[in-house]
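Written below as structure tokens is the structure these notes are about.
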Amino acid sequence: MDKQTLSFQAEVKQLLHLVAHSLYSNKEIFLRELVSNASDACDKLRFEALNDNALYEDRPNLEIRVTFDKAARTITISDNGIGLSADEAIANLGTIAKSGTREFMDKLSGDQQKDAQLIGQFGVGFYSGFIVADRITVESRRAGLKPEEGVRWSSDGTGEFEVETITRPQRGTDVILHLRDSDTDFLNTWRLKSIINRYSDHISLPILMRKEQWDKDKGEYVLLDEWETVNQAAALWVRPKNEITEAQYHEFYKQISYDNEPPLAYTHNRVEGRTEYTQLLFIPSKAPYDLWNREKRGGVKLYVKRVFIMDDAEALMPVYLRFVKGVIDSSDLPLNVSRELLQESRDVKAIREGSTKRVLGMLEDLAENHKDKYAAFWKEFGAVLKEGIGEDHANRERLARLLRFASTHADEGVSFADYVSRMKEGQEAIYYITAETLAAARNSPQLEIFRKKGIEVLLLTDRVDEWMLSHLYEFDGKPLQSVAKGAVDLGKLQDEEEKKKAEEAAAAIKPLLERLKETLKDKAKDVRVTTRLVDSPACLVGEEGDISGHLARLLKQAGQKTPEVKPILEINPEHALVKRLERTDRFEDLAHILFDQALLAEGGQLDDPAAYVRRVNALLAG
Numbered sequence: 003m004d005k006q007t008l009s010f011q012a013e014v015k016q017l018l019h020l021v022a023h024s025l026y027s028n029k030e031i032f033l034r035e036l037v038s039n040a041s042d043a044c045d046k047l048r049f050e051a052l053n054d055n056a057l058y059e060d061r062p063n064l065e066i067r068v069t070f071d072k073a074a075r076t077i078t079i080s081d082n083g084i085g086l087s088a089d090e091a092i093a094n095l096g097t098i099a100k101s102g103t104r105e106f107m108d109k110l111s112g113d114q115q116k117d118a119q120l121i122g123q124f125g126v127g128f129y130s131g132f133i134v135a136d137r138i139t140v141e142s143r144r145a146g147l148k149p150e151e152g153v154r155w156s157s158d159g160t161g162e163f164e165v166e167t168i169t170r171p172q173r174g175t176d177v178i179l180h181l182r183d184s185d186t187d188f189l190n191t192w193r194l195k196s197i198i199n200r201y202s203d204h205i206s207l208p209i210l211m212r213k214e215q216w217d218k219d220k221g222e223y224v225l226l227d228e229w230e231t232v233n234q235a236a237a238l239w240v241r242p243k244n245e246i247t248e249a250q251y252h253e254f255y256k257q258i259s260y261d262n263e264p265p266l267a268y269t270h271n272r273v274e275g276r277t278e279y280t281q282l283l284f285i286p287s288k289a290p291y292d293l294w295n296r297e298k299r300g301g302v303k304l305y306v307k308r309v310f311i312m313d314d315a316e317a318l319m320p321v322y323l324r325f326v327k328g329v330i331d332s333s334d335l336p337l338n339v340s341r342e343l344l345q346e347s348r349d350v351k352a353i354r355e356g357s358t359k360r361v362l363g364m365l366e367d368l369a370e371n372h373k374d375k376y377a378a379f380w381k382e383f384g385a386v387l388k389e390g391i392g393e394d395h396a397n398r399e400r401l402a403r404l405l406r407f408a409s410t411h412a413d414e415g416v417s418f419a420d421y422v423s424r425m426k427e428g429q430e431a432i433y434y435i436t437a438e439t440l441a442a443a444r445n446s447p448q449l450e451i452f453r454k455k456g457i458e459v460l461l462l463t464d465r466v467d468e469w470m471l472s473h474l475y476e477f478d479g480k481p482l483q484s485v486a487k488g489a490v491d492l493g494k495l496q497d498e499e500e501k502k503k504a505e506e507a508a509a510a511i512k513p514l515l516e517r518l519k520e521t522l523k524d525k526a527k528d529v530r531v532t533t534r535l536v537d538s539p540a541c542l543v544g545e546e547g548d549i550s551g552h553l554a555r556l557l558k559q560a561g562q563k564t565p566e567v568k569p570i571l572e573i574n575p576e577h578a579l580v581k582r583l584e585r586t587d588r589f590e591d592l593a594h595i596l597f598d599q600a601l602l603a604e605g606g607q608l609d610d611p612a613a614y615v616r617r618v619n620a621l622l623a624g
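Counting the sequence shown from 1 gives a position; our numbering is that position plus 2.
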């Protein structure tokens, strides 16, 4: 192929401008990214060679080499991995396939240190070379192709790149960075070694650099023809725990997660028995941008006997723990395992169960011994963990103990165990209310009798809560009871005098109740007197077994059909507005206003807001 000049994808041009002009506060990430890419290329060769050993050609030992040339002002990162064909060079280096570049741009915060850490997360690590280089040349040949089918790719990062065919005897890739005048301080063995030690020490392949020796005559260090391995060259997870520092664990986590914050917690274990595997799992301190995408694959990498098999092996971790990052290295799985086989393997099921228990153990330790850390975890990931109540029956009880809520007694951090320990004498149920916001829950009329009697109520405001509660009915033998469903029954907490007074009130205004039922028959299933209200004139409640108004609204917002379920209107016979109903000549307007106000108080939307405004104005004017 003769030399061709092609244009970058539009998003790449935008990205290159950003990289070259903005991410200058943490320039050394270019080496981290390019070494990581080289390691990935070697992993891909190992994987493809499982079915075609000839791809190794005459070089079975995989390695990465980092060299520099002060005179030419270049740094070269070389690998003997899978390599690129000409078509792959054009496709992979000229475009960002599924890139998410738009998401990358949207996530930028203006903090250069944090922005630089996002580079690898969106598959744009190669372009980080332009942080220090005003031109990048890539020379490569894909394993299995002929020497004359090599390719040279070159660009100054301004909008175009050149591609031509070359003869390249060795497979693999050389990425040659032509440094800017301002970045020649990277042409230094000690500087490059220190960056590799910091970011890439865990890479399981040897990273080689030429040795240096002091030359008395020249008065400077000169490079020798001898090579030395400058990283540990052993996968971090296979090394003994007592040889790994916390800083090394943290750096490894940052490398695999593209996170700039250290993890909240981690666990490193060798599991032996019927199924043997090593797990190194991390709980992040911050939620990723795509946490709510349940289709996104998990964050656990699968290795078999230290051979990389696949990223994001979702079969190794349940969906509700999709925020967990890490590595699992199995001794038992076949090297040619596929995603389909993972779903069916008994060994994988054992690994999944063991890893799930290990993560829950980490969370239990945080909850018990590091309450501030657990509060931080819950703020970021609590709503996702709740999904496990319905998805993981085997661990439901453990998960229930990890749940945290706001309540009428506390703004946050209330566990079921905390709640039970504070239950009133004679209280038989755990009371809760669901709402769209904490303010709506806290100010709900349905809480008035509970507040008057000092009974704590849990305030649930996550979208997942209604679904979770359809799978969680009790805790430690105490049933969970919505304060917005059924007739209020406080059992032993309500004295006989209160019950008698409510019955007498209902009997006294029976004609009023019948008239309200007839007037509101299109809106309300029933109208009845309640003891749950203290200051408000009315509220809406659901019948036991019906979906709540809050859940109905959530389903409607999601575009799902919901059954037509009418609420029950409960009225407070002691309230002035209810008493006014018995003597007003605007009964119908006031009845509809009471219903609509009760609907608004629980966060609902009026079917006809204009009619509501007209009725209120008429009453105000009259």
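Every residue gets a Cβ at the ideal spot worked out from N, C-alpha and C, and that includes glycine.
Beta bridge pairing from DSSP links residue 75 with no other residue.
For residue 411, same chain residues with a beta-carbon under 6 Å away, outside a window of 5 residues either side, are 458 in chain order. When secondary structure is reduced to three states using DSSP, residue 213 falls in the strand class. Here residue 325 carries a coil assignment [DSSP, helix/strand/coil].
Burial state of residue 306 is buried, judged by a 10 Å Cβ sphere holding 16 or more other Cβ atoms. For the set 342, 350, 339, 289, the Cα lying nearest the Cα of residue 326 is the one of 289.
Residue 452 is not a Cβ neighbour of residue 432, given a cutoff of 8 Å.
Here residue 253 carries a helix assignment [DSSP, helix/strand/coil]. Beta bridge pairing from DSSP links residue 171 with no other residue. Separation of residue 589 and residue 518 (C-alpha to C-alpha, rounded to the nearest whole angstrom) is 9 Å. For residue 469, the enclosing alpha helix (DSSP H) begins and ends at 467-471.
Residue burial is scored here from C-beta neighbours: residue 329 has at least 16 other C-beta atoms within 10 angstroms and is therefore classed as buried. Inter-residue distance for residue 414 and residue 446 is about 18 Å (C-alpha atoms, whole angstroms). Counting every other CB atom within 10 Å of its CB across the protein chains shown gives residue 361 a total of 16 or more, marking it as buried.
Each residue's CA atom was taken as its position, placing residue 223 and residue 72 some 12 Å apart. Taking C-beta atoms under 8 Å as the contact rule, residue 177 and residue 131 qualify, at a distance of about 7 Å. For the pair residue 87 and residue 66, the CB atoms are not nearer than the 8 Å cut-off. Short of 8 Å from the beta carbon of residue 320, and not among the five residues preceding or following it, lie these beta carbons of its own chain, in chain order: 354, 358, 390, 393, 394.
In the three-state reduction of the DSSP assignment, residue 526 falls in the coil class.
For residue 69, the secondary structure class from DSSP, reduced to helix, strand or coil, is strand. Going by C-alpha positions, residue 604 is about 35 Å away from residue 396. In this structure, the alpha-carbon of residue 179 lies about 53 Å from that of residue 398. In the DSSP assignment, residue 199 is bridged to no other residue. In this structure, the CA atom of residue 32 is about 29 Å from the CA atom of residue 270. Listed in chain order, the non-local C-beta contacts of residue 586 below 6 Å within the same chain comprise 592, local neighbours out to five positions each way being set aside. DSSP places residue 514 in the uninterrupted alpha helix (DSSP H) bounded by 512-521. Assignment of residue 271 by DSSP, reduced to helix, strand and coil, places it in the strand class.
The Cβ atoms of residue 273 and residue 356 lie closer than 8 Å to each other.
Collapsing the DSSP output to three states places residue 314 in coil. Residue state for residue 152 is assigned as strand, using DSSP reduced to three classes. Here residue 164 is not near residue 10, since their CB atoms are 8 Å or more apart. Given a length threshold of 3 residues, each whole run of the beta strand (DSSP E) inside the segment 412-470 is given here in chain order: 432-436, 460-462. By the criterion of a C-beta distance shorter than 7 Å, residue 286 is surrounded in its chain by 259, 261, 265, 266, 325, 327, once the five residues flanking it on both sides are discounted.
DSSP places residue 605 in the coil class of the three-state scheme, outside both helix and strand. Here the alpha carbons of residue 381 and residue 462 stand approximately 14 Å from one another.
If you look at residue 229, you'll find it in the beta strand (DSSP E) that goes 222-231.
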